[in-house]
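K.L.:
Next up is a structure, given as structure tokens.
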Amino acid sequence: MSTRIAIVRYLDVARTSELDAAIDTIFFEASNTKSFESEATRTAFRERWLGRYLRVDPQFAYLAITTSGDVVGYLVGTIEDPASSKVQDTAITAFRDVTQRYPAHLHVNIAPDHRGSGIGGRLIDAFIADAQRAGASGVHVITSAASPNVRFYNRNGFCEVARGGPAGALVCLARALG
Numbered sequence: 139m140s141t142r143i144a145i146v147r148y149l150d151v152a153r154t155s156e157l158d159a160a161i162d163t164i165f166f167e168a169s170n171t172k173s174f175e176s177e178a179t180r181t182a183f184r185e186r187w188l189g190r191y192l193r194v195d196p197q198f199a200y201l202a203i204t205t206s207g208d209v210v211g212y213l214v215g216t217i218e219d220p221a222s223s224k225v226q227d228t229a230i231t232a233f234r235d236v237t238q239r240y241p242a243h244l245h246v247n248i249a250p251d252h253r254g255s256g257i258g259g260r261l262i263d264a265f266i267a268d269a270q271r272a273g274a275s276g277v278h279v280i281t282s283a284a285s286p287n288v289r290f291y292n293r294n295g296f297c298e299v300a301r302g303g304p305a306g307a308l309v310c311l312a313r314a315l316g
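Per the working numbering, residue 139 is the first one in the sequence shown, and the count goes up by one each step.
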């Protein structure tokens, strides 16, 4: 891909309806959930996996932007354990012991036509650098054990540390920091 992509902090970019729409487009394109029973359900889904991170910890949000200003990827994260009240997520109950050791976590998505070009790894590098400076001991992601993104995270230094959910369908991948 010949287009130069810059990794920038979300807080360093003017928030516009176009920016929000671009992030949402990537979010919903990358999601395994494609239909929602109502607009309220769709809004709640976005809030859980994207919105609350932009609202609560925008300093740990990053954008991949082309020289023409198009958003082609993003990463949102936090250095707080998801078992904390700040970003509590009951879905991680099976991984509570692991998330205490690797409290930081992230969600990264890239536009389909820019996947495989290293943008996701660059976004992770930006988050990891800031998480280390903030004193995080480690970072984790939880995904489907059968998902192709497991290989992506492995290439970016994450290793399987636990399985959970029904029949071990979920995997927790972690990377120590520091």
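C-beta atoms are modelled at their ideal positions from N, C-alpha and C, and glycine is treated no differently.
1. Could I get the ranges of all uninterrupted alpha helix (DSSP H) runs contained in the stretch 248-283, with 4 residues as the minimum, in chain order?
2. State the Cα-Cα distance for the pair residue 158 and residue 184, rounded to the nearest angstrom.
3. Can you check which of these residues, 235, 210, 217, is closest to residue 267 by C-alpha distance?
4. For residue 179, which of helix, strand or coil comes out of DSSP?
5. Touch check for the stretch 163-175 and the stretch 238-249: three-plus C-beta pairs under 8 Å?
6. Does the Cβ of residue 310 have 16 or more other Cβ atoms within 10 Å, making it buried, or fewer, making it exposed?
P.N.:
On the basis of the supplied data:
1. Fully enclosed alpha helix (DSSP H) runs of 4 or longer: 257-271.
2. As a position in the sequence shown, residue 158 is number 20, starting the count at 1. As a position in the sequence shown, residue 184 is number 46, starting the count at 1. So the two alpha carbons sit approximately 12 Å from each other.
3. Taking the first residue of the sequence shown as position 1, residue 267 is located at position 129. Closest in alpha carbon position to residue 267, among 235, 210, 217, is 217.
4. Locating residue 179 in the sequence shown gives position 41, counting from the first residue. In the displayed model, residue 179 falls within a helix according to three-state DSSP.
5. Using a Cβ-Cβ distance cut-off of 8 Å, the stretch 163-175 and the stretch 238-249 are in contact, since at least three pairs of beta carbons, one from each stretch, lie closer than that value.
6. Position 172 of the sequence shown holds residue 310. Residue 310 is buried by the Cβ-count criterion.
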